[in-house]
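Visitor:
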Amino acid sequence: MDTDSNKQNFIGTSETQLRERFTNWKPYRIHQIFNWVYHYGCRDFSKMTNLSKTMRAQLNDHFYFSTPRVENKTHSQDGSIKYLLKLDDGALIESVWMPSDSRKTLCISTQVGCRLNCSFCLTASLGLKRNLTAAEIIGQCMAINEDLSQDEAITNVVFMGMGEPLDNLGPVVDALRLMTAPEAMRMSTRKVTVSTSGLVDKINEFQKENIHINLAISLNATDDQTRDRLMPINKKYPIKALMDCLKNYPLKPQRRHTIEYVLLEGINDSIDDARRLAKWLKGIPCKINLIPFNSFTRSEYRPPADKKTLKFQDYLIGQNFSAFIRQNRATDILGACGQLAAESQKTSCV
Ligand code: SAH
């Protein structure tokens, strides 16, 4: 890797930025380069034989390639792998690869740490260290795909790792465009999900970008008092404002939002909660993912008993909602939702 200070990382550089840099190039030229890099995994401009020598030299003068480095891997009994990745400045993040019969899902991070301070999430204990760049976001997919065999290659991506994606909107949008562009990584928009704690203003901004990936909303409570306690961001964007925003979100036909609901024993798992949840979600095209709380040391919460979780689900199904109990993956390696905290585990991982 050549990190000459005048050069820029090609990974994550958007089509708009490239057009600004090479104003006399035809757009298809940029698509050709994207195809080399994101589809064929080429990391050497001199090998891009359908470009002229001058173009290749110009690219070489302006750009280098860098993706996060795999620092450590932890294997779960369920087949998942938690990757500890090191960034160019030494910062550490985690991504989790989860295989099932039909798909191989990668859960990626968007920030080093997080500033939302949700009381049930381990990442919160780090605070926000910094935002990831578009290169570091899409680079997680590239670095991990390179580590995997061809039949293990990533088919789905969820933005559910460390950080709040919509608190880092610009780089997340750039990464999403490259991931889903037919001339770049070629992922179907149906196979990419961005999860948010519900930053209403940012959801409205995101919607203007016209990227039709799936949106998952972490609701996690059915009254403002409880949600304020679990997710302080609720004080800024209370439940009603969030629900109104979702009602007005222009979804493509056949598409629906995912509502995530972390079940915490004695806090948000009663039948009254299920009733209120059904009421809030009336008229919003959605499916509901119930996530029994994933524990970590020093956490004040516990997951409900299975029977209670099933009762909660049954109520929602009885109200004609699609409600699923999300099978928790990688819990034995602290690789599940809300268990990622690369920085604090650094000493035990390396
Ligand atoms: N900031 C984003 C994405 C990261 S969290 C968001 O809030 O959506 C991804 C999902 O994990 C969210 O639905 C969150 O509510 C859930 N989660 C966080 N901590 C958890 C825990 N300890 N157990 C189960 N789910 C958790």
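Per my numbering, residue -1 is the first one in the sequence shown, and the count goes up by one each step. Ideal Cβ positions, reconstructed from N, Cα and C, are used throughout, including at glycine.
Does the ligand SAH have even one heavy atom less than 8 Å from the beta-carbon of residue 375?
Guide: Nothing about residue 375 can be reported from this structure: the residues present for the chain run from -1 to 348 only.
Visitor: Is it buried or exposed, residue 292, if we count other Cβ atoms within 10 angstroms and call 16 or more buried?
Guide: Per the 10 Å Cβ criterion, buried.
Visitor: Could you check the C-alpha separation between residue 214 and residue 13 for me, to the nearest Å?
Guide: Cα to Cα, the separation comes out at about 27 Å.
Visitor: What is the DSSP secondary structure of residue 132, reduced to helix, strand or coil?
Guide: Helix.
Visitor: From residue 74 to residue 128, what distance separates their C-alpha atoms?
Guide: Between residue 74 and residue 128, the C-alpha separation is close to 28 Å.
Visitor: Does the beta carbon of residue 334 fall short of 8 Å from some heavy atom of the ligand SAH?
Guide: Indeed, a heavy atom of the ligand SAH lies less than 8 Å from the Cβ.
Visitor: Write down the C-beta distance between residue 314 and residue 286 rounded to the nearest angstrom, noting that I regard them as a contact closer than 8 Å.
Guide: That belief holds up - the Cβ atoms of residue 314 and residue 286 are roughly 6 Å apart, short of 8 Å.
Visitor: Measuring CA to CA, which of 66, 69, 26 and 67 is closest to residue 48?
Guide: When each option's Cα is compared against that of residue 48, the closest is 26.
Visitor: In whole angstroms, give me the CA-to-CA distance for residue 34 and residue 182.
Guide: Answer to the nearest angstrom: the Cα atoms are 8 Å apart.
Visitor: Name the residue from 77, 54, 21 and 29 whose alpha carbon lies nearest to the alpha carbon of residue 328.
Guide: With distances taken between Cα atoms, residue 328 lies closest to 77.
Visitor: Short of 8 Å in beta carbon distance, which residues of its chain neighbour residue 249, apart from the five on each side in sequence? Order them along the chain.
Guide: Only 255 and 283 meet the Cβ criterion.
Visitor: Should residue 109 be labelled buried (16 or more other beta-carbon atoms within 10 Å of its own) or exposed?
Guide: Label assigned to residue 109: buried.
Visitor: In whole angstroms, what is the alpha-carbon distance linking residue 218 and residue 211?
Guide: Straight-line Cα distance between these residues: approximately 22 Å.
Visitor: In chain order, what residues of the same chain have a beta carbon less than 8 Å from the beta carbon of residue 301, not counting five sequence neighbours either side?
Guide: 261, 262, 263, 290, 291, 292, 293 and 307, listed in sequence order.
Visitor: Residue 54 by DSSP, collapsed to three states: which one?
Guide: If DSSP states are grouped into helix, strand and coil, residue 54 belongs with the helices.
Visitor: Is residue 44 near the ligand SAH, going by C-beta to nearest heavy atom under 8 Å?
Guide: Checking the Cβ of residue 44 against the ligand SAH gives no.
Visitor: Would you be able to state if there are at least three C-beta pairs under 8 Å between the region 91 to 103 and the region 150 to 161?
Guide: Touching, yes.
Visitor: Quick check: what's the CA-CA separation for residue 45 versus residue 323?
Guide: When rounded, the distance between both Cα atoms is 48 Å.
Visitor: According to DSSP, what are the bridge partners of residue 73?
Guide: Looking at the DSSP assignment, residue 73 forms a beta bridge with 79.
Visitor: Assign residue 277 to buried or exposed, taking buried as 16 or more other Cβ atoms, counted over all protein chains shown, within 10 Å of its Cβ.
Guide: Result: exposed.
Visitor: Starting from residue 189, trace the alpha helix (DSSP H) both ways and give me its first and last residue.
Guide: No alpha helix (DSSP H) contains residue 189, which DSSP labels as neither H nor E.
Visitor: For the 8 Å Cβ check, are there 3 or more pairs between the region 192 to 199 and the region 142 to 151?
Guide: Output reads no: the region 142 to 151 does not touch the region 192 to 199.
Visitor: I think residue 173 touches residue 39, with their Cβ atoms under 8 Å apart; what is that distance to the nearest whole Å?
Guide: Not confirmed; about 17 Å, so no contact.
Visitor: Evaluate residue 345 with the Cβ neighbour count: other Cβ atoms within 10 Å of its Cβ, from every protein chain shown; 16 or more gives buried, anything less gives exposed.
Guide: Because residue 345 carries a pLDDT of 36, less than 50, the predicted location of this residue cannot be relied on, and no value is offered for it.
Visitor: Using only the heavy atoms of the ligand SAH, determine whether one of them is closer than 8 Å to the beta carbon of residue 72.
Guide: Not so, every heavy atom of the ligand SAH lies at least 8 Å from the Cβ.
Visitor: Going along the chain, which residues of its own chain have a beta-carbon closer than 7 Å to the beta-carbon of residue 272, five neighbours each way excluded?
Guide: Result list for residue 272: 310, 313 and 314, in chain order.
Visitor: Assign residue 220 to one of two classes, buried (16 or more other C-beta atoms within 10 Å of its C-beta) or exposed (fewer than that).
Guide: Classification of residue 220: buried, given that the 10 Å Cβ count is 16 or more.
Visitor: Thinking just about the alpha-carbon of each residue, which of 258, 296 and 299 is nearest to the one in residue 288?
Guide: Of the listed residues, the one whose Cα sits closest to residue 288 is 258.
Visitor: Taking Cβ positions, are residue 136 and residue 176 nearer each other than 9 Å?
Guide: A contact, by the Cβ cut-off of 9 Å.
Visitor: Does the ligand SAH have even one heavy atom less than 8 Å from the beta-carbon of residue 158?
Guide: True, at least one ligand heavy atom lies under 8 Å from that Cβ.
Visitor: Any idea what DSSP makes of residue 334, helix, strand or coil?
Guide: In this structure, residue 334 counts as coil in the three-state DSSP scheme.
Visitor: Cutting at 6 Å between CB atoms, please list the residues of its own chain near residue 164, excluding the five before and the five after it.
Guide: These residues qualify, in order along the chain: 194, 197 and 200.
Visitor: Compute every distance between the C-beta of residue 139 and the non-hydrogen atoms of the ligand SAH, then say whether any falls below 8 Å.
Guide: Not so, every heavy atom of the ligand SAH lies at least 8 Å from the Cβ.
Visitor: Between the C-alpha atoms of residue 348 and residue 82, what's the straight-line distance to the nearest angstrom?
Guide: Per-residue confidence for residue 348 stands at a pLDDT of 24, beneath the threshold of 50, marking its modelled position as unreliable; the derived number appears in the next sentence. Using only the alpha carbons, I get a separation of about 9 Å.
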